[in-house]
Every structure is written in structure tokens, then in C-alpha cells.
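Numbering (full-length UniProt numbering), first residue to last: 1 to 136. Cβ coordinates follow ideal geometry from the N, Cα and C atoms, glycine included. As the structure is a prediction and not an experimental result, all values here were calculated from the model.
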């Protein structure tokens with residue numbers, strides 16, 4: 001019996017613009033676009049401000065738990081990079097749950113006085129797909 005393991009990495013890119021950021025009440029949730037990572041695996045981005053800091057979540061809308069890796073970049077409306085996370089952290093997205101994929105932004109950037117009061121979220125997501133096949 002031989003076992004093969006393989007990992008597949010396909011990145012899906014989502015760009016979302018959040019406008020009127022300074023007028024957004026604390027802890028209010030804004031629901032962004034839906035996206036498919038694979039047949040039957042759907043999610044969406046949600047955004048909120050907590051204590052003036054942006055919070056980016058992915059909501060798992062599929063009927064099963066999935067593991068993902070993400071790359072996240074925040075820009076102002078002039079494509080000025082405000083924050084970037086491109087680590088290889090694996091996130092568990094449980095069925096029907098929101099997962100914080102940003103964490104705290106500790107670079108001193110103020111998100112209350114952005115140009116045109118606009119934040120652009122670039123999110124690339126990949127399913128961490130580990131499969132094992134048995135061959136007899």
C-alpha cells in the first residue's frame with residue numbers, strides 16, 4: 001500500500017472598497033461580497049471598526065469547516081499601502097462562523113482620516129487542502 005499526500009494552493013482574490021469609514025459607528029458590521037472558494041464552499045467578507053481600528057472577518061457560509069491561508073492588504077483610495085499581512089498562518093473557518101483575519105493593526109495608521117474616507121481591502125484566500133490517497 002502506498003500513500004500520497006499533496007497540497008493544492010489556488011489563491012482567490014477579492015477587492016472590496018469600504019466608503020464613509022469615519023461615519024461608521026463603532027461595532028457596526030458591514031457585510032461585503034460573497035465569494036466561492038470551491039464548489040459548495042462559499043464565504044463573504046465582513047468589516048467593522050472596534051476602538052477605531054479596522055476589523056476584517058471572513059464568514060464561512062458553507063456546510064463544512066475549512067482551513068484557509070490568506071494574504072491581506074489595506075489601501076487608501078490612492079493605492080497607498082496602509083497595512084500588509086502575508087504570513088502563512090492557517091485559519092480554521094467553522095461552519096457559519098466569522099473569523100478575524102486581520103488582528104490588530106499596530107503601525108500607527110489612523111483609519112479615521114483617510115483620503116476620500118475610503119478603505120480598500122485586498123484579500124487573497126486559499127483553501128489549505130490536504131488529501132491522502134490510498135493505492136492498493
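Three-way DSSP call (helix, strand, coil) for residue 126 in this model: strand
At least 3 beta-carbon pairs within less than 8 Å: the segment 56 to 67 vs the segment 75 to 87: no
Helix, strand or coil at residue 21 according to DSSP, with G and I counted as helix: helix
Runs of beta strand (DSSP E) wholly within the segment 61 to 119 (minimum 3 residues, chain order): 66 to 76, 81 to 85, 90 to 93 and 98 to 100
Inter-residue Cα distance where the pair is residue 37 and residue 117: 30 Å
Closest Cα partner of residue 68 within the set 48, 52 and 43: 43
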